[in-house]
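Contents: one structure, followed by commentary.
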Amino acid sequence: MPEPMFNENFSNTMLFKLSKPVAPSLLLFATAVFVSCSGHNHSDGHSAEAEDHEHKHDHTGEIVMSPSDALRFGVKSEAIEKAPFAEVVKAVGEILPASSDRAVVSAPTSGIVRLARGIELGKNVRSGELIASVSAKNVSGGDINEAAKANFQAAKRELDRLEPLLKEGIVTKKDYNEALRAYEEAKSAFSPVAAGGSAVAGIPGVISELSVNDGAYVEAGQTIAVIGRNSRLTLRALLPSAEAAFLPKVATANFRPSRGGEMVSLADRNCTILSSSPTGTTLPGYVAVYFSFDSNGDVVPGMPAEVYLIGTDKAETLAVPVGAVSEQQGENFVYVKVDDHAYKKQPVTLGRSDGRRIEVLSGVNDGDSVVTYGSTFVRLAETSTVVPEGHSHSH
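Numbering that gives the first Met the number 0 applies: residue 0 is where the sequence shown begins, and numbers increase by one.
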């Protein structure tokens, strides 16, 4: 999982924050670093180590951390090599239900809408579950369906009254037929479902849209909510019109829900591009690109997203995981593993990012071992210790 980038405040205040409640691993690490690096006697300490190799070199500007500490706190390094890295353009986007897997919940009658308890964006619902109820009580003009219900009931009573009279010859066939016609008309005007005022889910899925607020007035047939199934979802990415020339190169995309969460690679989700055309959106200044992909239940319709559109053109370049890069006073840097006991903070110049990895234009070389996980602890070691100039290890 990529690590968050650092800022200067973290570097300057980490040690003071250790006096407050912190993660046990960080506290343990700080204690270990303090004990191992404050008043450390190399002749005694190293004689106790079960290492039989020996090296001696200048550690000026380096961060000391033993292999055992690195293992204990999950510090991992990766030898970086040039590899194909696709052209990337960043965009904004939104998760939508697949057009074939959506159902609209409409108001059964006109009136005041009341959302059922717990109904909100992202909620999973069952087929037939109550979404909202609509009532015309206390509304000017009254409940139209209540009037239709009264007419229907009156017409039915009249028909029931005339039926035995027709058999006895007391009323004519013409009178009976007129009553039957009135009954059929009243029946067609009256909807028992609308009379109940219940708007229910037509399919199981996730509420991707809520079109009305609780307590609002709605007309009969007005959309209350939209429900999308979870099997397939659609990502709509909005690309600035200035980048429209990139559209033919788009092959796939990575995205991260704006509310937080893991980066999602559409290449791993059976992705297909539905369309990429300047006519794909009515939002001025943007071009919409639509992707269809499998849902694993980790994202739901309605979520905004940070999108990285990935092109087909690739170039050989050095790249590291996004979490390997830290920032301090506007400068980006990574930690390079010098040897088993030492790390060095190395300033770097960055290029493109696909959301998972980021291009390094300068500062590191092919084959350098870069810390990819646990850089939090390397930085904590950097701010917690001062390594004397000319410091040497005898192992």
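For each residue, glycine too, the CB sits at the ideal point set by N, CA and C.
Just mark residue i as buried or exposed, buried being the case when its beta carbon has 16 or more other beta carbons within 10 Å.
| i | result |
| --- | --- |
| K81 | exposed |
| G92 | buried |
| A154 | buried |
| A131 | buried |
| S230 | exposed |
| T375 | buried |
| S325 | buried |
| R461 | What is shown of the chain runs 0 to 394, which leaves residue 461 out entirely. |
| K166 | exposed |
| T371 | buried |
| D234 | Per the sequence shown, the amino acid found at residue 234 is Leu instead of Asp. Burial call: buried. |
| N253 | buried |
| P300 | buried |
| A178 | buried |
| A241 | exposed |
| R156 | exposed |
| G373 | buried |
| K344 | buried |
| E381 | buried |
| E315 | exposed |
| K172 | exposed |
| E183 | exposed |
| G284 | exposed |
| I169 | exposed |
| A149 | exposed |
Who pairs with residue i in a beta bridge, going by DSSP?
| i | result |
| --- | --- |
| R235 | E93, Y289 |
| T348 | S361 |
| K81 | None; K81 has no bridge partner. |
| T251 | I309 |
| Y216 | I111 |
| P256 | A304 |
| E162 | Answer is none; E162 lacks a bridge partner. |
| E315 | P83 |
| R356 | P320 |
| A341 | V63, D338 |
Output the boundary residues of the beta strand (DSSP E) element that contains residue i.
| i | result |
| --- | --- |
| L129 | 129–134 |
| R101 | 101–105 |
| A224 | 222–227 |
| R113 | 110–114 |
| A69 | First-last for A69: 66–71, but that is the alpha helix (DSSP H), not the beta strand (DSSP E). |
| P320 | 318–320 |
| G204 | 204–209 |
| V299 | Unbroken run through V299: none, as it is neither H nor E. |
| F332 | 330–338 |
| S368 | 368–372 |
| S325 | 325–327 |
| A198 | 197–199 |
So is the beta-carbon of residue i under 8 Å away from any non-hydrogen atom of the ligand GTP?
| i | result |
| --- | --- |
| K75 | Ligands are entirely absent from the displayed structure, and the ligand GTP is therefore not among its contents. |
Between the stretch 349–356 and the stretch 74–90, are three or more C-beta pairs nearer than 8 Å?
-> yes
Examine the Cβ distances between the stretch 101–117 and the stretch 199–219 and report whether three or more of them are shorter than 8 Å.
-> yes
Please determine if the stretch 298–317 and the stretch 328–344 are in contact, where contact requires at least 3 C-beta pairs separated by less than 8 Å.
-> no
Three-pair Cβ contact test at 8 Å for the stretch 111–119 versus the stretch 212–223 = yes
Can at least three beta-carbon pairs, one atom from the stretch 66–74 and one from the stretch 355–362, be found at a separation below 8 Å?
-> no
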